[in-house]
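Notes follow the structure.
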Amino acid sequence: MQRSQISDQVKSALLEISRALGIRHERVLDLYSYVSPETVRILDIVERGGEIVGVRLSVRSASSRGTWYYVAVGIYGAKCTCKWNVVRNRTCKHIVIGLITWCVVSLLKLGKRVDLSRLGWLKKPGAGSQSF
Ligand SMILES: [Zn+2]
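According to the working numbering, the sequence shown holds residues 414 to 545 in order.
In structure tokens form, the structure reads like this:
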């Protein structure tokens with residue numbers, strides 16, 4: 414796949430994430446631009462049946478220096494070690510970063526989009542209700 418095609422695919426994946434979570438597209442773009450080798454480390458890519466069904470990663474805290482959160486996102490759910498997710502059980506920005514990373518890895522590695530409509534957990538009450 415050509416590089417420009419990939420960037421178009423990434424753009425539409427980001428739009429889809431913002432719609433699925435009900436958060437502003439600009440906020441998703443901000444989180445996407447936060448992703449770099451210094452801030453996000455991919456720990457594991459879970460492949461099954463020729464598709465990527467989840468990723469595990471660590472995300473550096475933007476506010477607290479030296480703190481990393483561990484995030485797992487997949488077709489059955491999402492977890493993060495930050496307080497917002499552990500205590501309040503809300504979809505935090507690290508999970509959104511995990512979702513972005515998953516979509517991008519799937520596009521780059523397999524040229525396939527992640528079907529967000531399959532992710533039942535995106536629709537649970539409280540998802541996306543953090544003030545992004
Ligand atoms: Zn978190």
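Ideal Cβ positions, reconstructed from N, Cα and C, are used throughout, including at glycine.
Since the structure is predicted, the reported quantities are computational estimates derived from the model, not experimental observations.
Is residue j closer than 8 Å to residue i when the C-beta atoms are compared?
{"i": "VAL468", "j": "ILE455", "result": "yes"}
{"i": "CYS505", "j": "CYS516", "result": "no"}
{"i": "ALA426", "j": "ARG531", "result": "no"}
{"i": "ILE508", "j": "TYR445", "result": "no"}
{"i": "LEU470", "j": "VAL453", "result": "yes"}
{"i": "SER476", "j": "TYR482", "result": "no"}
{"i": "VAL472", "j": "GLY487", "result": "no"}
{"i": "ALA491", "j": "GLY511", "result": "yes"}
{"i": "LEU523", "j": "GLU464", "result": "yes"}
Kindly indicate which three-state DSSP category residue i falls into: helix, strand or coil?
{"i": "ALA632", "result": "Past the edges of the chain, shown from 414 to 545, lies residue 632, and the structure says nothing about it."}
{"i": "LYS536", "result": "helix"}
{"i": "ILE510", "result": "helix"}
{"i": "ILE436", "result": "coil"}
{"i": "CYS493", "result": "strand"}
{"i": "GLU429", "result": "helix"}
{"i": "ARG531", "result": "helix"}
{"i": "ILE419", "result": "helix"}
{"i": "VAL500", "result": "coil"}
{"i": "VAL448", "result": "coil"}
| field | Cβ pair count under 8 Å reaching 3, the stretch 496-503 against the stretch 427-434 | value | no
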